[in-house]
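The listed protein sequences derive, respectively, from chains A and B.
Numbering that gives the first Met the number 0 puts the first residue of the first sequence at 0, with every later residue one more than the last.
Numbering that gives the first Met the number 0 puts the first residue of the second sequence at 0, with every later residue one more than the last.
Glycine residues also receive a C-beta, built at the ideal position from the N, C-alpha and C atoms.
Protein chains: 2
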Amino acid sequence: MKITLIGAGRVATHLARALKQQHQIVQVFSRDLQHAETLADQVNAQAINQVNQLDPHVDLVIIAVSDQAIFSVIESITSYLPDNLIVHTSGSTSLSVLQNSHYRAGVFYPLQTFSFDREVNWAETPLFVEAAEQQDLAFLTELANSLSHRVYQYSSKQRQTLHLSAVFACNFSNYCYDMAKQIVDAEQVDFSLLYPLIMETANKATQNDPKQMQTGPAMRGDQNILKMQRHLLAETQRNDLENIYALMSEGIYKRHINQE
Amino acid sequence: MKITLIGAGRVATHLARALKQQHQIVQVFSRDLQHAETLADQVNAQAINQVNQLDPHVDLVIIAVSDQAIFSVIESITSYLPDNLIVHTSGSTSLSVLQNSHYRAGVFYPLQTFSFDREVNWAETPLFVEAAEQQDLAFLTELANSLSHRVYQYSSKQRQTLHLSAVFACNFSNYCYDMAKQIVDAEQVDFSLLYPLIMETANKATQNDPKQMQTGPAMRGDQNILKMQRHLLAETQRNDLENIYALMSEGIYKRHINQE
């Protein structure tokens, strides 16, 4: 299959590299030509930065840009690719954002967190496809199957739920790690001491119900420790961390108070 | 070495099982004799539930009970074990809580989260020891080395910092998973779809600075998605999750706003 990528960020880069194994990446578009070239060079594609350079002889155009930019991108490219299947890769953007401007609209959403310098295990990454046209849905499903064992046809509503859940499971848990690191850094304690704890917590939550795996002073309703730890945060002028500590502890306490 | 355990909960159980490999567990004390027996049977020890049954012919007494109970335990046992080394296993309880009642006081703190039905990798679990007497510190260090490659002599203040950090890295990240599961459960979406994301997020944070690994709408300052996701939570009457969503997103946004 012949594929064009719009965007040259983390998602575009990882997708292009993975798709290149079995398909042809024809063009990489970015408003910043240097960004386009950086990715295009890796996947033997043509780098472009003008919409009128878009080649309509492709099977699929993937918009992999920030959610905020998807609408302006589809508006600016649809007239050059009127009959091409065009998809976005966003969890929280509805299919209709494309479909309002373009009839062959679709979604190709990988549920994973991407960093430039880390390999992605595509075979295990869940992929969610959606399309306005039945034929395009079949095409996207086939394409997704060429990357991953875990392919699902999900509606925009289901995808939104997943993405919201992922914000808690991934973005917020990572921020918990970040806050944990700030706390030990301030006392010259080595953050790597917490690595076994972080990995065991994640392992537990993916092998059991995380509610049943909850531990800590808030779950036990240990008011002395809760008070002492809030005091420690207040002492170091970290009101931001203190507020999060209070709200998270309250949430955990209320969730477990009737369980004893 | 001859060791007695006070307590029969998760920490006491995992510690007793691990110590039994190279040492002798003499007694297991619990106010609930059945709890004491359950653990004592696993480690060939005597189960007791009366303080006057405590055998003073041991090298170490480990108090592995909830933080709140440590003070009353030391008060009730010190007269029966006046010359024994007695330690607690708590991150946030100061050495002085024991030392005020007992001269040979110490701490033996494993930085890990314990569940009844999961094996603990003791060799990789960081252990933190502290003692009032130099000789006891050397003894605890030797004992810790018999369990783990990662043994540290930490003050009560350093241990408190570590434990506070662990609450964020472990208890709060687990609650993020729990909230994520509640969100997908409400829409009959399978939580296991998020497993690769959870594991990759934890892996990233233990191989890089979690601040640099942050992703998501709050970090990008994507107000449309932030508004939409808060609305989704409000719609489902989950004000508790909405409040946490708002506070965490604000924290992430502020931490990254000056980075672009």
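For this session: Please classify Ala233(B): is it buried, with 16 or more other beta-carbons within 10 angstroms of its beta-carbon, or exposed?
Result: Within the second sequence, the letter at position 234 stands for residue 233(B). So Ala233(B) ends up on the exposed side.
Exercise. Does the count of Cβ pairs from the segment 161–168 of chain A and the segment 80–97 of chain A closer than 8 Å reach three?
Worked result: yes
Exercise. Of all the CB atoms in chain B, is at least one closer than 8 Å to the CB of Met212(A)?
Worked result: The residue labelled residue 212(A) in the question sits at position 213 within the first sequence. Chain B, which has a Cβ nearer than 8 Å to the Cβ of Met212(A), makes this yes.
For this session: Name, in chain order, the residues that DSSP records as bridge partners for Tyr151(B).
Result: As a working note, residue 151(B) is residue 152 in the second sequence. As DSSP reads the structure, Tyr151(B) sits in a beta bridge with Phe127(B).
For this session: Check each residue of the segment 156–172 of chain A: if its Cβ is closer than 7 Å to any Cβ of chain B, include it; give the result in chain order.
Result: Gln157, Gln159, Thr160, Leu161, Leu163, Ser164, Ala165, Val166, Phe167, Ala168, Cys169, Asn170, Phe171, Ser172
For this session: Return helix, strand or coil for Ile85(A), following the three-state DSSP convention.
Result: Looking up residue 85(A) in the first sequence gives position 86. Strand at Ile85(A).
For this session: Report the three-state DSSP secondary structure of Ile69(A) (helix, strand or coil).
Result: Residue numbering aside, residue 69(A) sits at position 70 when the first sequence is read from its first letter. Helix, per DSSP.
For this session: Answer yes or no: does any C-beta atom of chain A fall closer than 8 Å to that of Ser114(B)?
Result: The residue you call residue 114(B) lines up with position 115 of the second sequence. With 8 Å as the cut-off, Ser114(B) counts as an interface residue toward chain A.
For this session: Just the chain A side, please: which residues come within less than 8 Å of Val188(B) by C-beta, in chain order?
Result: Taking the second sequence and counting its residues from 1, one reaches residue 188(B) at position 189. In chain order: Gln157, Thr160, Leu161, Ser164.
Problem set entry | Closer than 7 Å at the beta carbon, the chain A residues around Ile182(B) | To locate residue 182(B), count along the second sequence from 1; it is residue 183. Residues of chain A passing the Cβ test: Thr160, Leu163, Ser164, Phe167.
Problem set entry | Enclosing beta strand (DSSP E) for Gln222(A) [first to last residue] | Your numbering for residue 222(A) matches position 223 in the first sequence. Counting along the chain, no beta strand (DSSP E) covers Gln222(A); the unbroken alpha helix (DSSP H) around it starts and ends at 222–234.
For this session: Hey, could you find the ends of the beta strand (DSSP E) Gly250(A) is sitting in?
Result: Position 251 of the first sequence holds residue 250(A). Taken as a continuous stretch (DSSP letters only), Gly250(A) belongs to no beta strand (DSSP E), being part of the alpha helix (DSSP H) at 238–255.
Exercise. Shortest alpha-carbon distance to Gly6(B) belongs to which of Val96(B), Asp58(B), His148(B), Gln49(B)?
Worked result: Along the second sequence, one-based indexing puts residue 6(B) at 7. Out of Val96(B), Asp58(B), His148(B), Gln49(B), Gln49(B) has the C-alpha closest to the C-alpha of Gly6(B).
Exercise. Roughly how many angstroms separate the alpha carbons of Pro55(A) and Ser114(B), rounded to a whole number?
Worked result: Position 56 of the first sequence, counting from 1, holds the residue named residue 55(A). Position 115 of the second sequence, counting from 1, holds the residue named residue 114(B). Answer to the nearest angstrom: the Cα atoms are 57 Å apart.
For this session: Tell me, to the nearest whole angstrom, how far the beta carbon of Ile197(A) is from that of Thr205(B); I am working on the premise that it is less than 8 Å.
Result: What you label residue 197(A) is simply residue 198 of the first sequence in a count that begins at 1. What you label residue 205(B) is simply residue 206 of the second sequence in a count that begins at 1. The Cβ separation is near 6 Å, so the contact holds.
Exercise. If you check the beta carbons only, do Pro195(B) and Glu118(A) fall under 8 Å apart?
Worked result: Sequence index remark: in the second sequence, residue 195(B) carries index 196 (1-based). Sequence index remark: in the first sequence, residue 118(A) carries index 119 (1-based). Their beta carbons are not under 8 Å apart, which means Pro195(B) does not touch Glu118(A) by this criterion.
Exercise. Thr88(B) versus chain A: which residues are under 9 Å apart at the beta carbon?
Worked result: Position 89 of the second sequence holds residue 88(B). Ordered by position in chain A, no residue passes the 9 Å Cβ test against Thr88(B), which lies about 13 Å from the chain.
For this session: List the DSSP bridge partners of Pro109(B).
Result: The residue given as residue 109(B) occupies position 110 in the second sequence. DSSP output for Pro109(B) lists Leu126(B) as bridge partner(s).
For this session: Could you list which residues in chain B have their beta carbon closer than 8 Å to that of Leu246(A), in chain order?
Result: As a first step, residue 246(A) is located in the first sequence; it is residue number 247 there, counting from the start. Those are Asn242, Ile243, Leu246, listed as they occur along chain B.
For this session: For Ile251(A), I'd like the list of residues in its chain whose CB is within less than 6 Å of its CB, leaving aside the five on either flank, ordered along the chain.
Result: As a first step, residue 251(A) is located in the first sequence; it is residue number 252 there, counting from the start. The beta carbon of Ile251(A) is closer than 6 Å to those of Ala217, Met218 in its chain, skipping five residues each way along the sequence.
For this session: Starting from Leu80(B), follow the beta strand (DSSP E) in both directions and report where the run begins and ends.
Result: Residue mapping note: residue 80(B) aligns to position 81 of the second sequence, counting from 1. Boundaries cannot be given for Leu80(B), as no beta strand (DSSP E) includes it and DSSP labels it neither H nor E.
Exercise. According to the neighbour-count rule (16 or more other Cβ atoms, all chains shown, within 10 Å of its Cβ), is Ser155(A) buried or exposed?
Worked result: Sequence index remark: in the first sequence, residue 155(A) carries index 156 (1-based). Flag for Ser155(A) reads buried.
Exercise. How big is the Cα-Cα spacing for Glu141(B) and Asn242(B)?
Worked result: As a first step, residue 141(B) is located in the second sequence; it is residue number 142 there, counting from the start. As a first step, residue 242(B) is located in the second sequence; it is residue number 243 there, counting from the start. Rounded to whole angstroms, Glu141(B) to Asn242(B) spans 47 Å at the Cα level.
Problem set entry | Assigned secondary structure, Lys1(B) (DSSP; H/G/I helix, E/B strand, else coil) | Taking the first residue of the second sequence as position 1, residue 1(B) is located at position 2. Lys1(B) falls in the strand class under three-state DSSP.
Problem set entry | Neighbouring residues, chain A, relative to Asn223(B) (Cβ below 8 Å) | Counted from its first residue, the second sequence places residue 223(B) at position 224. Neighbours of Asn223(B) on chain A, chain order: Asp66, Gln67.
Problem set entry | Any non-hydrogen atom of the ligand COA within 7 Å of Tyr108(A) CB | Ligands in the displayed structure: none, and consequently the ligand COA is not present.
Problem set entry | Segment contact, 8 Å Cβ cut-off, at least three pairs: the segment 167–185 of chain A with the segment 169–185 of chain B | Verdict: yes, contact present.
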